[in-house]
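Peer 1:
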Amino acid sequence: MPKRLVLLMVLVGVWLMNAPAAHAHTPTPVQGGATVELISITADVDIFTDENGLTWAAVEAAYKLHNVSKTSAAFVQFGWPAWSGGALNSDPAALVDFQVRRNGQALTLTPIEMPLSLAGETRTTTVWTTAATLARDERTTFTASWRQLLGEGPLVTWEFGLLPAARWRGAVGSTRITVNLPELTTQEQLVRVSPTEFAYSGEYTFYGDRVEWIFVSYLPDTNVSLTLIAPPLWREMEALRTALATQPNADAWLRLGDIYTQLADAGASEYDAQAEAAYLAARDADPTNPEPHRRLWQRFVARLGSPPDLAMLDLARQEAQALYDLTGDEAARAFIVEAESTLAQEWLARNALDRAYERFAHAWELATASERAALESLRSRLLTQRLHATLQKEGVAALFSEAETLNATDLIAPLMDVPRPWFERRAVQVATTPSGRTVTLTFYNVQDEAAARIALDRACGEMSRVVSLDTHVRCAVPLPNAEVVITFDGNDPALWRERAAALLPTIPDNATFDLLRSVLQASAIEWRLSDGWRALRVHYVEEIHLLPPQALTLAETIRAQAEAAETPLVRDALNAIADAWLNVAQNESVRYEIFFTHNGRTLTRAWTRTPPAEERLTFEATFPNVRFWLAVAGVLMVAVVGVLALIWRWPLPERITLRL
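All the letters of the sequence shown, read from the start, carry residue numbers -24 to -1, 1 to 636 under mature numbering (1 follows the signal peptide of the UniProt record, and there is no 0).
(1) Does DSSP put MET392 in a helix, in a strand, or in coil?
(2) Just checking my contact of LEU375 with LEU387 at CB under 8 Å: how many whole Å lie between their CB atoms?
(3) Assuming PRO469 is part of the beta strand (DSSP E), what are its boundary residues?
(4) What are the complete alpha helix (DSSP H) segments, minimum 4 residues, inside the region 385 to 470?
(5) Three or more C-beta pairs closer than 8 Å, one from the region 548 to 562 and one from the region 391 to 409: is that the case here?
(6) Note down the Cα distance separating MET213 from LEU351, rounded to an integer number of angstroms.
(7) Assign PRO587 to one of two classes, buried (16 or more other C-beta atoms within 10 Å of its C-beta) or exposed (fewer than that).
(8) Assuming LEU342 contacts VAL372 (C-beta within less than 8 Å), just tell me the rounded distance between them.
(9) Need the endpoints of the alpha helix (DSSP H) that TRP134 sits in, please.
(10) Determine the burial state of TRP(-10): buried for a count of at least 16 other Cβ atoms within 10 Å of its Cβ, exposed for fewer.
(11) Applying the criterion that 16 or more other CB atoms from any shown protein chain within 10 Å of the CB defines a buried residue, is THR344 buried or exposed?
(12) Between ALA349, GLU27, GLY55 and ASN28, which lies nearest to THR86 when the distance is taken from Cα to Cα?
(13) What residue range does the alpha helix (DSSP H) around GLU378 cover?
(14) Is it true that the CB of ALA34 sits closer than 8 Å to the CB of ASP22?
(15) According to DSSP, is ASN219 helix, strand or coil?
(16) Whole-angstrom Cβ separation of TRP59 and LEU92, contact assumed at under 8 Å?
(17) For GLU347, collect the residues of the same chain with a Cβ closer than 6 Å to its Cβ; drop the 5 residues on either side in sequence, then sort them by chain order.
(18) Taking the beta strand (DSSP E) that THR598 falls in, what are its first and last residues?
(19) Out of THR84, ARG123 and ASN79, which has the shortest C-alpha to C-alpha gap to HIS1?
(20) Determine whether the beta carbon atoms of LEU391 and LEU359 lie at a separation below 8 Å.
(21) If we ignore side chains and look at the alpha-carbon of each, how far apart do ASP290 and TYR236 end up?
(22) Compare the Cα-Cα distances from LEU367 to each of ILE553, VAL614 and ALA339 and report the closest residue.
(23) Using the rule of at least 16 other Cβ atoms within 10 Å of the residue's Cβ for burial, across every protein chain shown, is GLU252 buried or exposed?
(24) Decide yes or no for the touch test of the region 493 to 507 against the region 527 to 542: beta carbon pairs closer than 8 Å, at least 3 of them.
(25) How far does the alpha helix (DSSP H) with GLY8 in it reach, from first residue to last?
(26) Pair every Cβ in the region 576 to 595 with every Cβ in the region 513 to 522, then say whether three or more of these pairs are closer than 8 Å.
(27) Within a Cβ cutoff of 7 Å, which residues of the same chain sit near PRO410, ignoring the five residues on either side of it in sequence?
(28) Quick check on this structure: which residue in ARG510, THR172 and PRO525 has the alpha carbon closest to the alpha carbon of ASN575?
(29) Going by beta carbon distance, what residues of the same chain come within less than 7 Å of PRO208, once the five residues before and after it are set aside?
(30) Give a yes or no on contact between the region 131 to 145 and the region 74 to 84, applying the rule of three or more CB pairs nearer than 8 Å.
(31) My guess is that VAL12 and ARG99 are in contact by the Cβ rule of under 8 Å, so how many angstroms apart are they, rounded?
(32) My assumption, with CB atoms under 8 Å, is that ALA435 sits in contact with VAL406. Please give the rounded CB distance.
(33) Do you know how far the Cα of VAL103 is from the Cα of ALA298?
(34) Just grab the DSSP bridge partners of SER170 for me.
(35) Apply the 10 Å Cβ neighbour rule to GLU316 and answer buried if 16 or more other Cβ atoms are within range, or exposed otherwise.
(36) Using the three-state DSSP reduction, which class does LEU160 fall into: helix, strand or coil?
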């Protein structure tokens, strides 16, 4: 092959790789030819593949002119334009072996620049011209031949410019364009055919090995084009399908998916779903192969759109996650972080906090230090809303628990030093018996078990250091409640007061234990039981001084802090804490009870008081000793019966004599 031709082919190939498609045209009149008609066009195109796998088209075209004048000859200058209307641009000189002949004799074409109007659009273009003089009623044929590289992509397009023929006198009598395919194929290989329908002859015809257009009396209004799946790629695709029909194979599915992807990316969008299906089949055939996941990830990313389709984004995330799990791919990790943060923001906007946090937590887990810095704003917004929802639904205790679980205590930092009740309400029971005195502080409905145990262990630990042998301290958390039980043995009220005074310095002086401190500060206690042989005498006197609850003052202080809070979360949490302390203050009570036994029964007397209260509780009573009086009655009855028996045993005469 001549070196210049080889060089020309290389240059043409390079140019065409950057061009949208290769084109060829029909001639158009330039000057003269008022009585000349283009009466027929025929084009035979052979599509073939060279040894390098490139797809070419070899074209043989014939154009027949007719001088319809019956009286005089006609001169006409005509040529092949570099523009054939619309987007169809190509210089005939750039085609390989482009030649024009008349009656078998090669012609030399002369380029000229001229304005050309086609399909309502005018451009200045180059026209490669020749000239001819036709005798009256003469018919003559011009032929053109060339080869053109259709490209090496997955789709190849051949186009034939018919619009220039519309500038001849009248309609084109007959037009036939036949594209011969390399082998017998199916309609699927024909990706796009234009025109598919036309007013003059109906539709194009596909014969299995060729595509053909036939027009009769046709005034061209469009160009002809055919887009095919490149023959080498088509053969490979068909071979893979045949192989997979008999023996499924992950690699074969993967390659088939790649082919479908190439076709979809080249413009055959109908193969997009098939590419996805092939990759899914490859993934299922070999779950350990990362490549199907990589391909699916890439396909889903390509289909995201802007703004991204969230369902597609989630599919892409899943495949990126699978790829990352198998390979640790850094790009996949970075994409997961970005996708999860995007999904988290979307769920957050929809107020689906659990879903938003699930997505965010995964992003945070995989994020680098710099990525976490970028996520900090989202973290703050998301966790703040989630903590706020927890506060509103479950209360303060759940808020703190959730903040610790989420490592988000920084968002409630102003609350960390604010005392908060870990119980709903409290009450004290003071039980006085002949053998001792028991003071029981009960916390009802414990909401924070850990805080309850810490507070009670600390308080009871301090009290246990000063107790004597006749004093016992016990703390327990029998959920749902908690309690502190202090028992003073013996029946000496003075000793009880002394032991209570010893405990007071060890009991925390705060809103949690202030009620217990008030109870233990009784200023006077008298307790006597006189169980004589005739009666039981009970004497009880206690002066109580129950102080106003500290919880009330604490609630007011916290309420003032809430008004100055910087964030709604902290403000609402402080108000909730204040409400909780107010509830404690309004629902606490002390129940004083005395117990004593009389005639085998346990009797009781009780007083219930609400702080603040200063009062003297008294109970004086005498209870007859029923057993004593029953014993006396029994003795008298025995005596009476004895006397009656003696009388009954005397002889009757003596009783009569005695009566007389």
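Note that CB positions come from ideal geometry on N, CA and C, so glycine has one too.
Peer 2: Reading off the structure:
(1) Here residue 392 refers to the residue found at position 416 of the sequence shown. Note: MET392 maps to coil in three-state DSSP.
(2) Taking the sequence shown and counting its residues from 1, one reaches residue 375 at position 399. Taking the sequence shown and counting its residues from 1, one reaches residue 387 at position 411. Actually they are not in contact, since the Cβ atoms of LEU375 and LEU387 sit about 10 Å apart, beyond 8 Å.
(3) Along the sequence shown, one-based indexing puts residue 469 at 493. Careful: PRO469 lies outside any beta strand (DSSP E), inside the alpha helix (DSSP H) at 469 to 479.
(4) 425 to 440
(5) yes
(6) Against the sequence shown, residue 213 aligns to sequence position 237. Against the sequence shown, residue 351 aligns to sequence position 375. When rounded, the distance between both Cα atoms is 45 Å.
(7) Within the sequence shown, residue 587 is the residue found at index 611, counting from 1. PRO587 is buried by the Cβ-count criterion.
(8) If you number the sequence shown from 1, residue 342 lands on position 366. If you number the sequence shown from 1, residue 372 lands on position 396. The pair is not a contact, with the Cβ atoms about 33 Å apart (cut-off 8 Å).
(9) Counting from 1 along the sequence shown, the entry for residue 134 is found at position 158. Per DSSP, TRP134 belongs to no alpha helix (DSSP H); it is in the beta strand (DSSP E), 131 to 137.
(10) Start at 1 with the first residue of the sequence shown, and residue -10 comes out as number 15. Per-residue confidence for TRP(-10) stands at a pLDDT of 33, beneath the threshold of 50, marking its modelled position as unreliable; no derived number is given.
(11) The count along the sequence shown starts at 1 and reaches residue 344 at position 368. Exposed is the call here.
(12) Counting from one through the sequence shown, the residue named residue 86 turns up at place 110. Of ALA349, GLU27, GLY55 and ASN28, the residue nearest in Cα terms is GLY55.
(13) Along the sequence shown, read from residue 1 onward, the residue named residue 378 stands at position 402. GLU378 -> alpha helix (DSSP H) spans 372 to 381.
(14) Indexing the sequence shown from 1 puts residue 22 at position 46. Indexing the sequence shown from 1 puts residue 34 at position 58. For ASP22 and ALA34, yes; Cβs fall inside 8 Å.
(15) Position 243 of the sequence shown, counted from the start, is the residue given in the question as residue 219. At residue 219 the sequence reads Ala, which differs from the Asn that was named. Residue state, collapsed to three classes: helix.
(16) By 1-based counting over the sequence shown, the position of residue 59 is 83. By 1-based counting over the sequence shown, the position of residue 92 is 116. About 6 Å separates the two Cβ atoms, so the contact holds.
(17) Position 371 of the sequence shown, counting from 1, holds the residue named residue 347. The residues are VAL313.
(18) Along the sequence shown, read from residue 1 onward, the residue named residue 598 stands at position 622. First-last of the beta strand (DSSP E) with THR598: 589 to 600.
(19) What you label residue 1 is simply residue 25 of the sequence shown in a count that begins at 1. Looking at the Cα atoms, ARG123 is the closest of the given residues.
(20) For the purposes of this step, residue 391 is taken as residue 415 along the sequence shown, with counting starting at 1. For the purposes of this step, residue 359 is taken as residue 383 along the sequence shown, with counting starting at 1. For LEU391 and LEU359, no; Cβs fall outside 8 Å.
(21) Within the sequence shown, residue 290 is the residue found at index 314, counting from 1. Within the sequence shown, residue 236 is the residue found at index 260, counting from 1. Looking at the two C-alpha atoms, the distance is approximately 22 Å.
(22) Here residue 367 is taken as the residue at index 391 of the sequence shown, counted from 1. Of the listed residues, the one whose Cα sits closest to LEU367 is ILE553.
(23) Taking the sequence shown and counting its residues from 1, one reaches residue 252 at position 276. Counting Cβ neighbours within 10 Å, GLU252 comes out buried, since at least 16 surround it.
(24) no
(25) In the sequence shown, the residue the question calls residue 8 occupies position 32. Looking at the DSSP string, GLY8 is not in any alpha helix (DSSP H); the run it does join, the beta strand (DSSP E), is 4 to 8.
(26) Contact between the region 576 to 595 and the region 513 to 522 is present, because at least three Cβ pairs lie under 8 Å.
(27) Here residue 410 is taken as the residue at index 434 of the sequence shown, counted from 1. The residues are ASN467, LEU505 and PHE572.
(28) The sequence position of residue 575 within the sequence shown is 599, counting from 1. That would be ARG510, whose Cα lies nearest to the Cα of ASN575.
(29) Here residue 208 corresponds to residue number 232 of the sequence shown, with the count starting at 1. Only THR25 and GLY29 meet the Cβ criterion.
(30) No: the two stretches stay apart, fewer than three of their Cβ pairs being nearer than 8 Å.
(31) Locating residue 12 in the sequence shown gives position 36, where the first residue counts as 1. Locating residue 99 in the sequence shown gives position 123, where the first residue counts as 1. Contact flag wrong, Cβ pair sits at about 24 Å.
(32) Here residue 435 refers to the residue found at position 459 when the sequence shown is read from its first residue. Here residue 406 refers to the residue found at position 430 when the sequence shown is read from its first residue. At roughly 18 Å, the Cβ-Cβ gap does not stay under 8 Å, so ALA435 and VAL406 are not in contact.
(33) Along the sequence shown, read from residue 1 onward, the residue named residue 298 stands at position 322. Along the sequence shown, read from residue 1 onward, the residue named residue 103 stands at position 127. Here the alpha carbon of ALA298 sits roughly 58 Å from the alpha carbon of VAL103.
(34) Locating residue 170 in the sequence shown gives position 194, where the first residue counts as 1. According to DSSP, SER170 bridges with SER201.
(35) Locating residue 316 in the sequence shown gives position 340, where the first residue counts as 1. Classification of GLU316: buried, given that the 10 Å Cβ count is 16 or more.
(36) Counting from 1 along the sequence shown, the entry for residue 160 is found at position 184. In this structure, LEU160 counts as coil in the three-state DSSP scheme.
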